[in-house]
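Following: one structure in structure tokens, then a few remarks.
Number of protein chains: 4
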Amino acid sequence: MSKKFRVGILGATGTVGQRFVELLEGHPQFEVTALAASDRSQGKPYREACAWRLPCEMPARVSTLAVSAPQPPLDCDLIFSSLPGEMARETEEAFARAGYPVISNSSAFRMDEDVPLLIPEINHEHLALIKTQRKTRGYERGYIVTNPNCSTIMIALALAPLHARFGVESCVATTMQALSGAGYPGVASLDVIDNLLPYIGGEEEKIESETLKILGVMADGGVKPADMRVSAQCHRVNVSDGHFGALRVKLARTVELEEFTDALASFSALPQELRLHSAPARPVIVRDEPDRPQPRLDRDAGHGMSVTVGRIRRDAVMDYRFVALSHNTVRGAAGAAILNAELLAAKGRLV
Amino acid sequence: MSKKFRVGILGATGTVGQRFVELLEGHPQFEVTALAASDRSQGKPYREACAWRLPCEMPARVSTLAVSAPQPPLDCDLIFSSLPGEMARETEEAFARAGYPVISNSSAFRMDEDVPLLIPEINHEHLALIKTQRKTRGYERGYIVTNPNCSTIMIALALAPLHARFGVESCVATTMQALSGAGYPGVASLDVIDNLLPYIGGEEEKIESETLKILGVMADGGVKPADMRVSAQCHRVNVSDGHFGALRVKLARTVELEEFTDALASFSALPQELRLHSAPARPVIVRDEPDRPQPRLDRDAGHGMSVTVGRIRRDAVMDYRFVALSHNTVRGAAGAAILNAELLAAKGRLV
Amino acid sequence: MSKKFRVGILGATGTVGQRFVELLEGHPQFEVTALAASDRSQGKPYREACAWRLPCEMPARVSTLAVSAPQPPLDCDLIFSSLPGEMARETEEAFARAGYPVISNSSAFRMDEDVPLLIPEINHEHLALIKTQRKTRGYERGYIVTNPNCSTIMIALALAPLHARFGVESCVATTMQALSGAGYPGVASLDVIDNLLPYIGGEEEKIESETLKILGVMADGGVKPADMRVSAQCHRVNVSDGHFGALRVKLARTVELEEFTDALASFSALPQELRLHSAPARPVIVRDEPDRPQPRLDRDAGHGMSVTVGRIRRDAVMDYRFVALSHNTVRGAAGAAILNAELLAAKGRLV
Amino acid sequence: MSKKFRVGILGATGTVGQRFVELLEGHPQFEVTALAASDRSQGKPYREACAWRLPCEMPARVSTLAVSAPQPPLDCDLIFSSLPGEMARETEEAFARAGYPVISNSSAFRMDEDVPLLIPEINHEHLALIKTQRKTRGYERGYIVTNPNCSTIMIALALAPLHARFGVESCVATTMQALSGAGYPGVASLDVIDNLLPYIGGEEEKIESETLKILGVMADGGVKPADMRVSAQCHRVNVSDGHFGALRVKLARTVELEEFTDALASFSALPQELRLHSAPARPVIVRDEPDRPQPRLDRDAGHGMSVTVGRIRRDAVMDYRFVALSHNTVRGAAGAAILNAELLAAKGRLV
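This is the structure we're talking about:
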């Protein structure tokens with residue numbers, strides 16, 4: 001049995017931080033050895049500092065770890081971060097500078113030119129940016145790798161196989177997003193009972209810009225964004241977990257329905273080939289029942305790491321339409337970062 | 001005080017039937033004198049036949065009316081119908097043939113070439129079809145006038161002022177529809193708790209076809225459908241009343257944001273001019289808060305007869321995007337039919 | 001037309017404050033002339049200071065009033081207060097001392113020996129405490145009158161006619177309370193989706209103590225609490241408005257079911273006799289359908305001022321059981337305070 | 001590896017039937033070999049006959065089994081039944097007569113004098129009734145064993161350790177029950193959105209009578225009901241799974257809080273001793289946070305087989321009060337029946 005990488009979690013008491021703890025319990029490569037949070041919980045053992053809200057029990061070993069302030073040094077080999085945007089920029093930078101690989105779920109650095117916005121199934125080549133990043137920022141051993149926004153991941157994973165095979169010219173995405181995406185306490189119950197909200201601050205902009213970077217290609221040492229237009233309308237609905245999107249795409253060439261479906265259903269990539277621990281057997285699952293996917297029934301597909309697609313139809317305005325669903329705090333956040341770390345480990349980027 | 005028209009309601013015990021009863025209580029022109037339903041409730045007084053589910057009290061006078069079978073003759077001057085599609089075709093036809101004006105909320109005749117699919121703010125000229133209808137079907141005094149599907153009404157009312165002023169080339173609509181649209185018992189609670197459904201049988205097709213007829217113009221004695229492409233993706237969400245739509249439009253010419261907004265906000269039409277009883281002061285209300293409209297807060301705007309629009313933005317793929325909301329059992333069903341009847345009365349088509 | 005009393009509202013931007021504004025719009029005796037809030041909204045016009053969350057439009061006249069700090073003097077004849085407990089004590093005291101009648105929905109003074117805990121249908125004699133209060137506190141013209149906690153009101157109104165006619169020895173109450181009872185933002189949506197909460201801080205204690213004071217009688221210049229034991233278990237459920245209680249009672253004598261029902265159904269008291277503006281025709285409505293009352297269907301009964309009772313049955317452990325429902329921000333808060341003020345006006349206690 | 005018992009499921013396509021299939025997948029002692037349902041699904045493979053609504057995938061092996069009519073013979077050694085009450089009586093009787101042990105979740109035979117109403121942690125001695133049953137009914141090899149109603153199980157498991165140690169004189173139970181308890185489609189979504197229902201047909205009666213039989217003792221060859229009074233008020237709330245109860249008890253003697261808590265927390269019985277496969281390590285889990293248990297967080301405790309208790313407090317009317325929660329389709333239905341079968345197997349009653 002090889003030694004495990006020792007992991008520190010920034011933002012450990014939040015919604016995504018709790019998912020990190022849950023998903024890392026029993027992980028074959030990672031072991032949680034440090035917890036940090038920005039709030040009044042510092043100094044307390046995790047079981048007291050954290051209002052644990054997952055249906056499972058808090059892992060016993062982690063429950064006694066003391067919560068630290070989010071600043072280096074921490075007793076670990078790498079950092080998972082899920083800090084609020086405002087404070088993420090300074091804190092993650094400090095850890096990277098202090099020599100830690102920072103695997104971040106925060107939005108702070110996602111669109112920086114020298115920071116990979118990584119989905120291992122799509123753009124592992126973007127890890128070449130780490131070299132640039134170290135040079136431009138003067139990091140010696142540390143670096144920052146980010147994963148996309150929780151809605152963007154779902155959309156990008158659904159578009160990637162289509163873009164690779166046919167070319168996607170434009171995409172119109174309308175999302176219905178889960179409450180856990182807003183953290184805790186997040187959305188007030190009075191705002192969603194018998195209701196929905198047509199607004200999630202910054203979300204439409206994130207989807208429209210992040211998707212192009214994710215699907216972009218390396219050129220001249222940087223990422224050349226995909227030549228594609230993306231339109232997003234985002235809504236909060238009364239669902240606990242599981243972001244849902246209604247998507248239409250216009251393709252660069254004529255495509256038969258069968259081809260289109262096959263591109264999605266047969267999608268497999270490097271994480272599947274490398275058999276990374278958190279990689280789902282099928283990154284995209286295609287269902288053909290008329291009323292699937294549904295958040296409650298399908299969000300846990302592939303242990304929360306698969307995107308489930310359904311209702312693939314020809315569209316009267318664009319070329320094709322379909323719906324997609326993925327678990328926003330697993331594939332869309334903590335699970336995404338862990339898969340990123342597994343890829344980095346497989347590529348020898350963690351030491 | 002002039003004599004009121006005596007009204008019969010088909011499907012009186014259902015979700016829409018109850019709305020008819022509620023909205024007609026105290027109406028200055030109409031008085032409910034007959035109730036009919038297709039189920040085992042026939043012969044019972046309405047208060048026993050009907051599991052009343054509206055928060056208000058059942059109107060006392062109507063509560064003692066006996067429920068009849070849905071077949072002519074009924075003791076009334078005109079018929080409001082909200083029967084299930086399968087039985088509407090035969091029954092409504094029988095009433096029209098027997099001399100009754102049939103103001104129908106059912107889908108059976110909506111797309112028939114000689115039947116008006118009426119929204120008084122948009123296409124009152126289509127009433128010219130009544131003449132054709134009588135000729136082709138051999139009706140003497142009766143006729144059938146329909147209102148659109150509950151989602152279509154909202155979309156058509158939002159598109160009408162844009163189409164009139166700028167020309168709409170295509171529209172992409174993604175709906176989040178209320179539970180009451182499925183009637184009672186309708187959607188199972190286990191299907192929508194912590195969930196949404198990506199499928200409403202026949203709904204996408206209805207929106208895509210009905211909208212073109214509604215926005216079409218009279219030509220050669222028939223309706224020439226609008227030259228426009230409409231794409232609809234429909235979803236059921238955990239909201240009691242109030243259909244919501246995220247819309248994008250491509251226009252026939254370049255339009256400034258201000259012009260676009262003004263076309264919607266300043267929309268007014270014949271029902272407003274005629275001051276029809278159920279006509280809202282503003283058929284389309286434009287709100288500029290970032291998080292409105294919301295079903296729970298805005299569905300009752302204009303006594304449930306206004307469409308509330310918000311989040312008007314330029315779109316990266318189409319030209320503009322915005323969201324719209326309207327009350328599906330008022331403006332989208334019973335209120336729509338009553339407004340149709342009010343227009344028919346104003347035009348001397350009821351006697 | 002007599003001149004209206006000019007009213008100031010403390011806590012005007014909160015959930016109950018908004019209800020005050022809504023219910024006072026068009027009130028024949030009261031007119032809102034001052035608004036105060038404890039937060040950063042001071043100085044702004046109400047329409048900017050307040051995130052209005054009621055389905056109706058904010059009353060136009062009030063929307064332009066500037067929000068003041070909650071301290072005397074305010075431009076008004078009396079004060080309605082709905083401040084958080086911590087700050088209510090000091091603030092309300094200050095207004096009473098400055099000469100204002102303070103009609104408070106806060107919990108701060110409810111259990112003080114010299115402060116009436118008033119439900120006009122039950123204990124208007126308790127207003128005699130005002131005299132004591134002025135003497136002990138040295139108030140000249142001002143005073144404080146409180147209304148009970150939102151759950152207690154419902155329970156007390158259901159018990160009062162039973163206690164008056166039969167004597168209630170003990171009551172076991174299990175509540176299922178609405179989200180709006182916690183204010184805004186209040187309960188996190190993630191805490192109630194597909195869930196309920198078995199805890200509302202301080203609520204069980206309030207019900208158990210306030211009920212005894214309300215049902216107590218004046219003796220020796222003070223209130224002698226009712227000789228009764230009350231047990232409360234309180235729960236938060238996923239309902240927007242409308243507190244619900246499952247009640248069992250043990251009576252001082254044997255009572256037939258008919259008598260028991262009649263005591264509740266025939267209950268009428270001073271506010272009904274005086275025809276106070278907000279007094280419902282029937283303070284307690286008894287329904288005999290097996291599945292009523294329900295929050296969504298019955299909370300607005302009597303314009304939100306009636307308590308609806310149903311499912312009256314003999315009980316295997318206590319004597320009788322039944323369920324009760326009332327609107328927690330109308331009868332349970334703002335409406336309660338307004339009815340209190342109406343009674344005070346009728347008794348010449350407002351000048 | 002010993003041979004597994006071959007199991008047939010009656011009502012296999014329903015909510016509880018699906019739970020049976022899920023819970024029996026990979027079971028060390030039982031293997032599903034026959035499926036029966038009363039509807040139009042007969043003859044089809046299970047994957048077509050059943051609208052599977054559990055978040056997990058339908059087990060592959062079972063998905064191809066053809067659904068039979070619910071009548072003997074079926075290709076199996078014992079029967080799990082979850083049929084609607086009306087048809088359960090005749091069908092289960094037929095299977096028992098044909099020689100099958102029938103482990104029933106239906107209500108049909110529960111209160112029959114010669115039928116065990118079994119909760120293995122409480123009353124395994126009641127299995128002595130099987131002998132009487134065979135004699136009175138003339139069964140040769142078959143017999144019927146039932147498990148209680150889904151709410152009763154929770155209440156009985158919470159009362160059993162208290163009754164055993166202190167004697168329970170009376171219990172007042174107020175339930176808030178989950179939607180899945182009504183099966184599918186069950187409760188209409190319009191009935192529970194922003195609402196709760198104060199009525200579940202027959203439920204209060206079942207709790208009040210079944211509890212006494214379960215806690216009764218064998219005497220003179222029959223079950224002598226417990227000398228205890230139980231009062232139940234039952235409500236349906238907007239929760240998918242997990243029945244919740246607010247309970248008060250009056251005990252036969254004075255008991256300290258610590259003793260009371262210990263009786264619950266230390267409860268362990270025969271299934272734990274025998275290490276039956278589905279027996280939870282702790283039948284009753286006591287939590288001391290002020291806001292637990294909650295359905296969403298605690299229903300899966302002990303793989304859905306534990307009852308979680310919290311908020312133990314002295315009560316002003318009875319002696320103690322507390323709240324309890326258990327998973328209604330696992331511990332309350334399918335899991336209960338499977339545990340019953342495991343006990344029967346351990347006692348050599350299955351062959």
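So the sequences go chain by chain: A, B, C and D. Residues in the first sequence are numbered from 1 upward in steps of one, following my numbering. Residues in the second sequence are numbered from 1 upward in steps of one, following my numbering. Residues in the third sequence are numbered from 1 upward in steps of one, following my numbering. Residues in the fourth sequence are numbered from 1 upward in steps of one, following my numbering. Glycine is no exception: its CB is placed at the ideal position from the N, C-alpha and C atoms. Computed from a predicted structure; not experimentally measured.
Just to make sure I have the definition right: I need the residues of chain B whose C-beta is within less than 7 Å of the C-beta of S240 (chain D). Which are they?
L190, I193 and D194
Residues near G142 (chain D) by beta carbon distance below 7 Å, same chain, minus five either side:
F95, A96, R97, A98, G99, Y100, P101 and V102
Taking only beta carbons into account, state which residues of the stretch 298 to 313 of chain B come closer than 7 Å to chain C, listed in chain order.
D300
Could you tell me the distance, in whole angstroms, from the CA atom of L74 (chain D) to the CA atom of A346 (chain D)?
23 Å
Label D220 (chain A) either buried or exposed according to how many other C-beta atoms from any shown protein chain fall within 10 Å of its C-beta, with 16 as the threshold for buried.
exposed
Which residue's Cα is closest to the Cα of K131 (chain B): B:C50, B:P120 and B:V145?
B:V145
Secondary structure at G245 (chain C), three-state DSSP: helix, strand or coil?
strand
For the alpha helix (DSSP H) holding T146 (chain C), just list the boundary residues, first then last.
Where T146 (chain C) is concerned, there is no enclosing alpha helix (DSSP H), although the beta strand (DSSP E) it sits in stretches over Y143 to T146.
Those residues which DSSP pairs with M218 (chain A) across a bridge:
A:V223
Can you give me the C-alpha to C-alpha distance between D112 (chain D) and V351 (chain D), rounded to a whole angstrom?
25 Å
Do I119 (chain A) and L157 (chain A) have their C-beta atoms within less than 8 Å of each other?
yes
Pick helix, strand or coil for R321 (chain D), following the three-state DSSP scheme.
strand
In the DSSP output, which residue or residues are listed as bridge partners for S104 (chain A)?
A:S81 and A:T146
A324 (chain D) versus P295 (chain D): straight-line alpha-carbon distance, rounded:
10 Å
For the ligand PLP, I want to know if S240 (chain A) counts as a neighbour, meaning its beta carbon is within less than 7 Å of at least one of the ligand's heavy atoms.
Judged by which ligands are present, the structure shown has none, so any question about the ligand PLP falls away.
Selection from D:V249, D:A281, D:L127 and D:P290 that minimises the alpha carbon distance to K213 (chain D):
D:L127
So, G245 (chain C) versus S106 (chain C), is the Cβ gap smaller than 8 Å?
no
Residues of the stretch 174 to 189 of chain D in Cβ contact with chain B at a cutoff of 8 Å, in chain order, please.
L179, S180, Y184, P185, G186, V187, A188 and S189
Could you tell me whether any Cβ in chain A is nearer than 8 Å to the Cβ of M318 (chain B)?
yes
Note down the Cα distance separating V67 (chain C) from A188 (chain B), rounded to an integer number of angstroms.
46 Å
Per DSSP, what kind of secondary structure is E169 (chain C) in: helix, strand or coil?
strand
For chain B, check one thing: does any of its Cβ atoms lie closer than 8 Å to the Cβ of H235 (chain A)?
yes
Taking Cβ-Cβ distances shorter than 8 Å, what residues in chain A pair up with R53 (chain D)?
L297
Are there three or more Cβ pairs, one per stretch, closer than 8 Å when the stretch 263 to 274 of chain B is compared with the stretch 326 to 338 of chain B?
no
By a C-beta neighbour count over all protein chains shown, 10 Å radius and 16 as the cutoff for buried, is D114 (chain A) buried or exposed?
buried
Report the start-end ranges of each beta strand (DSSP E) in the stretch 301 to 345 of chain C that is 3 residues or longer and not cut off at the edges.
307 to 314 and 320 to 326
A232 (chain C) bridges to which residues according to DSSP?
C:A173
Which whole-angstrom value describes the C-beta separation of A37 (chain B) and T13 (chain B), a residue pair presumed to lie in contact below a C-beta threshold of 8 Å?
5 Å
Beta carbon proximity, A156 (chain C) to chain D, threshold 8 Å
no
Answer with buried or exposed for E204 (chain C), where buried requires no fewer than 16 other C-beta atoms within 10 angstroms of its C-beta.
buried
Find the residues of chain A that neighbour A246 (chain B), judging by a C-beta separation of less than 8 Å, and give them in chain order.
T174, P198, Q233 and H235
Would you give the residue range spanned by the alpha helix (DSSP H) that F5 (chain D) belongs to?
Run containing F5 (chain D): none in the alpha helix (DSSP H); it sits in the beta strand (DSSP E), F5 to L10.
Hey, could you find the ends of the beta strand (DSSP E) I122 (chain D) is sitting in?
Not the beta strand (DSSP E): I122 (chain D) falls in the alpha helix (DSSP H), residues P120 to N123.
Applying the 10 Å Cβ sphere with the 16-neighbour rule, what's the burial state of T211 (chain B)?
buried
Interface partners of S170 (chain C) on chain D, CB under 7 Å
V317
Run of the alpha helix (DSSP H) containing E259 (chain B), from where it starts to where it stops:
L257 to A265
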